[in-house]
Amino acid sequence: MIKVLIADDQELIRESLKVVLDSKTNIEVTGTVANGQEVIQSIRESAPDIILMDIRMPKMDGVQCTRIVKEFNPVIKIIILTTFDDDEFVFDALKYGASGYLLKGVSMDELVASIETVYSGRAMINPEIATKVVRIFSQMAKGEQAIQVEERLVGELTKAEWKIVREIGKGASNKEIAETLYLSEGTVRNYLSIILNKLQLRDRTQLAIWVVQSHEFKNQQQG
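Letter by letter, the sequence shown follows residues 253 to 475 in the working numbering.
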């Protein structure tokens, strides 16, 4: 059973989503809330598997709420729901750990499929938004926010670690990397921690940006 919390400042949307999702045999709606502060309170009482998070809410918006939720309980997955496809929101929500980003115009079947996709450990991004995300990361890789790593640090990566880096470059999740390389998710997390430490990078986002711009990575792909 997939436990879902619905967060939206419009009561009509909250209740409509609840009715639809409650009709599914594999989904249970744990609650409906109107803002980010209520989300934080709700997950303390009953941790859902997934939060459907509106991006524009009073008191605390969906982006800041995503950051706090992922710090409080990183296991909870978040799908951002919005009528806005603003670049800043797209990047920040994903940067803070959102697993999905859907426009509110999607059909209920698409929404349910997205919930199931994210629950399985994969990411779900609207096609309209996917191209925007790629462009944002590409711009970051080429611009002032490009990530630099010393060549001597890159040389410390082992062949096994490069396999992980290759998958990060493809946008794979830990679960997908584990399945591809026949490893446990725990082993993948350990590898990722070692790689970040070796390259002196702060987080997975910095690693992903470096991968996009890295000549060393391109050479490894060809090797």
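Positions of the beta carbon are idealized from the N, C-alpha and C atoms, including for glycine.
Residue i by DSSP, collapsed to three states: which one?
{"i": "E428", "result": "helix"}
{"i": "Y371", "result": "helix"}
{"i": "M360", "result": "helix"}
{"i": "I295", "result": "helix"}
{"i": "I377", "result": "strand"}
{"i": "L448", "result": "helix"}
{"i": "S268", "result": "helix"}
{"i": "S366", "result": "helix"}
{"i": "N442", "result": "helix"}
{"i": "Q465", "result": "helix"}
{"i": "L453", "result": "coil"}
{"i": "Q474", "result": "Note on Q474: pLDDT 47, under 50, position unreliable in the model; the coordinate value appears next. Of the three classes helix, strand and coil, the one that applies to Q474 here is helix, per DSSP."}
{"i": "T318", "result": "helix"}
According to DSSP, which residues form a beta bridge with residue i?
{"i": "D306", "result": "L333"}
{"i": "L355", "result": "T334"}
{"i": "K255", "result": "E280"}
{"i": "S285", "result": "Looking at the sequence provided, one finds Val at residue 285 rather than Ser. The partner list for V285 (beta bridge, DSSP) reads A259."}
Is the beta carbon of residue j closer than 8 Å to that of residue i?
{"i": "M360", "j": "T369", "result": "no"}
{"i": "Y353", "j": "L346", "result": "yes"}
{"i": "D306", "j": "T334", "result": "yes"}
{"i": "A413", "j": "Y371", "result": "Rather than Ala, the amino acid found at residue 413 in this sequence is Glu. In this structure, Y371 does not lie closer than 8 Å to E413 by Cβ."}
{"i": "I332", "j": "V256", "result": "no"}
{"i": "I258", "j": "V272", "result": "no"}
{"i": "I429", "j": "V417", "result": "no"}
{"i": "S298", "j": "G288", "result": "no"}
Measuring from the CB of residue i, is there a heavy atom of the ligand ZN at a distance below 7 Å?
{"i": "D260", "result": "You won't find the ligand ZN in this model; it holds no ligand whatsoever."}
How many whole angstroms separate the CB atoms of residue i and residue j, which I take to be in contact at a CB cut-off of 8 Å?
{"i": "F341", "j": "V321", "result": "Incorrect: roughly 16 Å between the Cβ atoms, too far for contact."}
{"i": "F324", "j": "I279", "result": "Incorrect: roughly 23 Å between the Cβ atoms, too far for contact."}
{"i": "K427", "j": "G373", "result": "3 Å"}
{"i": "I254", "j": "D301", "result": "5 Å"}
{"i": "P326", "j": "D261", "result": "Between D261 and P326 the Cβ distance is about 25 Å, and since that is not below 8 Å, they are no contact."}
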